[in-house]
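Okay, so here's the structure we're looking at.
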Amino acid sequence: MTPMSRKDAHLDSRPTRVSFPIMEPKEDFLEMAVEARLAPNRSQAEDYGQLVELQSAIGRVSRLLLEGGSLEQALDTMEEALGNPIAVFGSRGGEWRSSCLRLPDASPSFAAVAAQVRRGGERASVSSFVGTDGGRRAYVHRIAKSGDPATAIALFEHNRPVTALDMLTLARLSAFVDLEMANIDAVREVEGKYLELFLQDWLSGKIVSELDWTMRAEVCGCEIKRPGWLYAAVIGWEEAGAGGDAPDGTLADLSRRLRSGRRLPGRELLSAVFGGDLVLILTGDDGEGRDLAEAAGEASLRELLEELRAELAMPAIRLFAGRPVAKPELLPASLSQAKRAKRVAEVCGLAGDVVSYDNLGVYALLYLIPGGEEREQFLRRYMVPLQQADRKGGGRLAETLEMFFRCNGNIKLTSEKLYAHYNTIVYRLDKIQSILGVSLDDPEDRLQLQLSLKLGQISPGSY
Numbered sequence: 001m002t003p004m005s006r007k008d009a010h011l012d013s014r015p016t017r018v019s020f021p022i023m024e025p026k027e028d029f030l031e032m033a034v035e036a037r038l039a040p041n042r043s044q045a046e047d048y049g050q051l052v053e054l055q056s057a058i059g060r061v062s063r064l065l066l067e068g069g070s071l072e073q074a075l076d077t078m079e080e081a082l083g084n085p086i087a088v089f090g091s092r093g094g095e096w097r098s099s100c101l102r103l104p105d106a107s108p109s110f111a112a113v114a115a116q117v118r119r120g121g122e123r124a125s126v127s128s129f130v131g132t133d134g135g136r137r138a139y140v141h142r143i144a145k146s147g148d149p150a151t152a153i154a155l156f157e158h159n160r161p162v163t164a165l166d167m168l169t170l171a172r173l174s175a176f177v178d179l180e181m182a183n184i185d186a187v188r189e190v191e192g193k194y195l196e197l198f199l200q201d202w203l204s205g206k207i208v209s210e211l212d213w214t215m216r217a218e219v220c221g222c223e224i225k226r227p228g229w230l231y232a233a234v235i236g237w238e239e240a241g242a243g244g245d246a247p248d249g250t251l252a253d254l255s256r257r258l259r260s261g262r263r264l265p266g267r268e269l270l271s272a273v274f275g276g277d278l279v280l281i282l283t284g285d286d287g288e289g290r291d292l293a294e295a296a297g298e299a300s301l302r303e304l305l306e307e308l309r310a311e312l313a314m315p316a317i318r319l320f321a322g323r324p325v326a327k328p329e330l331l332p333a334s335l336s337q338a339k340r341a342k343r344v345a346e347v348c349g350l351a352g353d354v355v356s357y358d359n360l361g362v363y364a365l366l367y368l369i370p371g372g373e374e375r376e377q378f379l380r381r382y383m384v385p386l387q388q389a390d391r392k393g394g395g396r397l398a399e400t401l402e403m404f405f406r407c408n409g410n411i412k413l414t415s416e417k418l419y420a421h422y423n424t425i426v427y428r429l430d431k432i433q434s435i436l437g438v439s440l441d442d443p444e445d446r447l448q449l450q451l452s453l454k455l456g457q458i459s460p461g462s463y
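In the UniProt record's numbering, the protein residues as written are 1 to 463.
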């Protein structure tokens with residue numbers, strides 16, 4: 001091939017001087033080629049930028065925690081950086097949420113993830129996605145160093161999908177969360193000892209003035225601040241049998257769970273094991289026009305009971321409440337009333353999931369009757385003869401009479417409740433009238449018999 005002269009180098013003459021075709025590249029092809037060469041660099045730049053953002057976010061979180069910020073403030077910072085709400089599930093039922101998860105409409109999603117995290121099981125040590133309501137997901141990263149399989153960080157896919165970088169962020173963040181939760185547990189353990197001693201002294205009546213209460217409450221970190229009214233309540237356990245007592249080993253754990261739980265706005269709660277009972281100390285603000293009599297009303301107590309049943313996962317518990325008081329030093333009186341309501345309701349067979357002292361009615365009066373000759377004489381007049389007849393094979397007369405009154409004098413219903421023939425119940429009732437010399441058609445005699453039955457149940461050792 002002969003060398004090309006300057007004249008031959010003209011664009012139009014090049015195809016005739018070389019042995020292959022020459023084509024002008026199109027502009028879009030040039031742009032694609034440039035884009036292909038720049039794409040890896042751009043991807044690396046984006047990854048680098050995300051890593052810088054990750055490092056910056058973790059740095060802000062670490063500085064915030066070192067400066068004394070709360071765990072929820074740190075989660076708010078991470079929510080802003082990751083674009084999705086985030087939550088932490090700690091030991092002993094502790095829970096912390098970022099701002100979006102603290103909204104009421106986020107409760108179903110949070111509850112679904114919390115239930116799966118607390119359930120633990122074989123997958124307790126695995127970080128994975130779990131389903132929430134509405135087809136959404138949450139990425140759960142277990143904190144292995146804590147030693148508790150129910151300790152984890154969860155990132156909720158509310159605004160955008162969780163990426164691999166988000167997963168790496170949670171893994172890096174877990175170290176800070178683990179240290180912060182260890183610090184929280186240590187502080188709670190120390191405060192818990194002082195708080196437990198404070199509550200025991202408070203419930204036993206050793207705190208005699210509001211000034212003393214205020215000083216000790218501040219020292220031990222009591223969560224109740226300047227209450228408007230207070231009242232005590234006792235939890236009863238239907239599934240535990242006739243005595244209604246829960247196993248002693250579980251009461252302390254339940255008390256800690258209730259202290260760490262979240263309450264509705266305006267409702268604060270403390271719990272303690274006192275005298276073999278799980279006692280609740282509740283408070284509220286009476287600035288909404290409610291008087292003290294309405295503060296512990298049945299509607300408010302029933303709302304609290306449903307909240308406690310869901311929190312403890314115990315649908316059969318009952319609640320017994322004393323009267324509300326306006327001063328902290330008067331709380332032991334409210335506790336005494338709550339215990340009395342529990343005792344009277346159990347021995348007298350009072351129905352209802354919520355029993356307040358003010359609703360005991362005549363039972364509260366019977367409970368206050370002191371033991372003496374008049375009381376024993378009243379029981380000997382109406383109860384001892386039936387008891388003696390039952391011992392001789394009289395046919396469950398005392399039980400039949402009590403069921404007869406519970407069924408409002410309906411003989412047919414009484415026979416169904418006792419699984420006895422109708423004529424058998426009629427025979428027993430006739431025998432009761434004959435032994436005691438009374439008439440079940442006389443309202444005065446029926447009142448005497450009902451009072452004797454209830455009084456005998458309150459003091460079973462008297463007959």
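Glycine residues also receive a C-beta, built at the ideal position from the N, C-alpha and C atoms.
When C-alpha distances from F404 are compared across L199, Q387, L449, the shortest belongs to L449. In this structure, L455 places its C-beta atom within 8 angstroms of the C-beta atom of L379.
With respect to the C-alpha of L282, the residue from L331, V355, R256 having the closest C-alpha is L331. At the C-beta level, E79 and I86 come within 8 angstroms of one another. Distance from the CA of R406 to the CA of N183, rounded to the nearest whole angstrom, comes to 57 angstroms.
Contact between the region 127-144 and the region 173-192 is present: three or more C-beta pairs spanning the two stretches fall below 8 angstroms. The DSSP-derived three-state label of G59 is helix.
Pairwise C-beta distances place the region 336-356 in contact with the region 311-327, as three or more of them are shorter than 8 angstroms. The residue among L101, N159, G205 with its C-alpha nearest the C-alpha of S336 is G205. The DSSP-derived three-state label of Y427 is helix. Of the candidates K392, R375, E298, the residue whose Cα lies closest to the Cα of L360 is E298. Shown here, V279 sits in a strand according to DSSP, grouped into three states. With fewer than 16 neighbouring CB atoms inside 10 Å of its own CB, G68 falls in the exposed class.
Boundaries of the alpha helix (DSSP H) around R380: 373-382.
Using a Cβ distance threshold of 8 angstroms, V130 and V113 count as a contacting pair. Distance from the CA atom of S271 to the CA atom of E53, rounded to whole angstroms, is 44 angstroms.
With respect to the 8 angstroms criterion, V325 and L230 are classified as neighbours on the basis of their beta carbons. Straight-line spacing of the CA atoms in E311 and R119 works out to 14 angstroms.
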